[in-house]
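Structure first, commentary second.
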Amino acid sequence: MEKILTKKSFPLWVKELVSYKIYAPQKNGDLWNFETIKKPESINLDFPNTVLPPKNIIFPQREVLLEFESSNENKLQVKETLPDDDPTIIFGVRPCDAKALTLTDKVFSGDFKDPYYWKRRNSTVLIGLACNIPPSPNCFCLSVGGSPHSKEGLDILMTDLGDKYFVESLSEKGSTLINLAKPLFQQPKAADKKAVEKTQAEAEKKITRQIKDIKKIPSILKNMFDSPLWDEESLSCLRCGICTYLCPTCHCFDINDEVASSSPVKGKRVRTWDTCQFPDFTMHSSGHNPRPDRASRLRQRIFHKFQYFVERYQNYLCTGCGRCISKCPVGIDIIEVLDKVRDYGS
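2 is the number of the first residue of the sequence shown in my numbering; add one for each residue after it.
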């Protein structure tokens, strides 16, 4: 389904979606992040990329998995705390971030389907916004199989055409939202379709950063486990974890029990984001740490995204959003690291 929605009609459409919880990019100071929306007119889709990806809504940084409490008979009672499955809409999802969720889908499926992740995922509609210009000078989505107008993982893709949006419904969820305000949408004209094609082609030309010969990298990495490159590239690393916490595809987590009282025992089991860049991430109870230094942890991040995940799922665990480059306080650049990996194999 392809439609045209004028920008004047956009808030009216949002008003028809009152039965959904709505998230959209909001500016706080100089930063943009996804926040819940109370007023439709407050949605501004003229934004660069958000600091945190929408992954944070589907897979929150902290969530309670269960609560436990000892009874009078000193028996432990356990109560699972699954998240609400309130219908949710996320407006303004960039194509790279939508594709990222298709990758975390693979991780949280498999032999065991994570009920916490999928409870939110199944109840969420993703409305994407094509990138007319790169949201970041460090975007490199074309190198990892994406594009500024990729439809992968989205229910609706909107393309800005100046005073209107070209709206493409990509799923039953998306069609349902459009049908809730059917009179507001118009049929696109031939000129509209040409404008979309032109906009998309121009957007691709504006992405200047790339990883050359990326298909060679997974096989080259197999012979680089003990390479001195990892020591050289990790010298400036602060172990802050920004590269992974802001990444739309990183998904590592820790689980801890938080005990509020010991008599009677009462507490919660909590899942929180973790990162392979922290020293304690691989610490064994014996005291041995197989990744004791910055070099081995940087190596793990690169290997996971460009070898291990490729071998298991036939996808790079990277969508080229550029956040890890733009926000690294010491300027570690994953494209430059991968350029050196490629040259190592030549």
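Glycine included, C-beta positions come from ideal geometry on N, C-alpha and C. Predicted model, so just to flag it, every value in this text is computed and none were measured.
Range covered by the alpha helix (DSSP H) that runs through A261: Note, A261: premise wrong, no alpha helix (DSSP H); beta strand (DSSP E) at 254 to 263.
Own chain residues within Cβ distance below 6 Å of E324, not counting five before or after: In the sequence under discussion, the amino acid at residue 324 is Arg, which differs from the Glu named in the question. So the qualifying residues of the chain are L247.
Own chain partners of Q201 with C-beta closer than 6 Å, once the 5 adjacent residues on each side are dropped: Excluding residues up to 5 positions away in sequence, H150 lie with their Cβ nearer than 6 Å to the Cβ of Q201 in the same chain.
Simplified DSSP assignment, three categories, for N122: Per the sequence shown, residue 122 should be read as Arg rather than Asn. DSSP places R122 in helix when its eight states are reduced to three.
E234, enclosing alpha helix (DSSP H) - first and last residue: 230 to 235
Per-residue burial, I256 [other beta carbons within 10 Å of its own, 16 or more giving buried]: exposed
Which of helix, strand or coil DSSP assigns to Y21: coil
Status (buried if at least 16 other CB within 10 Å, exposed otherwise) for G111: exposed
Nearest-angstrom beta carbon gap, P219 and F307 [assumed within contact, 8 Å]: Contact between F307 and P219 holds, with the beta-carbon distance rounding to 6 Å and staying under 8 Å.
Sequence-distant residues of its chain with Cβ nearer than 7 Å to L171 (five each side left out): K152, L155, D156, I157, L158
V268: first and last residue of the uninterrupted beta strand (DSSP E) it sits in: Looking at the sequence provided, one finds Gly at residue 268 rather than Val. First-last of the beta strand (DSSP E) with G268: 266 to 274.
T160 and A131 closer than 8 Å at C-beta: yes
Boundaries (first-last residue) of the beta strand (DSSP E) holding V108: Taken as a continuous stretch (DSSP letters only), V108 belongs to no beta strand (DSSP E), being part of the alpha helix (DSSP H) at 96 to 108.
Residue from E68, L239, I38, I23 with nearest C-alpha to V271: Answer by Cα proximity: E68.
Burial state of F226, where buried means 16 or more other Cβ atoms lie within 10 Å: exposed
C-alpha distance - D115 paired with D47, whole-angstrom precision: 35 Å
Below-8 Å beta-carbon distance, P291 vs any chain B residue: Here there is only one protein chain, and chain B is not present.
Close beta carbons around K223, own chain, < 8 Å, minus the five adjacent residues each side: Q308
Nearest-angstrom Cα separation, counted from I208 out to L178: Linking L178 to I208 through their CA atoms gives a straight-line distance of about 31 Å.
Neighbourhood of P265 by C-beta distance below 6 Å, restricted to the same chain and skipping five residues each side: S71
D258, buried or exposed, once every other Cβ within 10 Å from all chains shown has been counted against 16: Around the beta carbon of D258, fewer than 16 other beta carbons sit within 10 angstroms, so the residue counts as exposed.
K39 versus K76, L83, I90, residue with shortest Cα-Cα distance: I90
Proximity of H252 and V108 at Cβ, strictly below 8 Å: yes
C-alpha gap between S286 and F279, whole angstroms: 16 Å
Host beta strand (DSSP E) of K80 (start-end): 77 to 81
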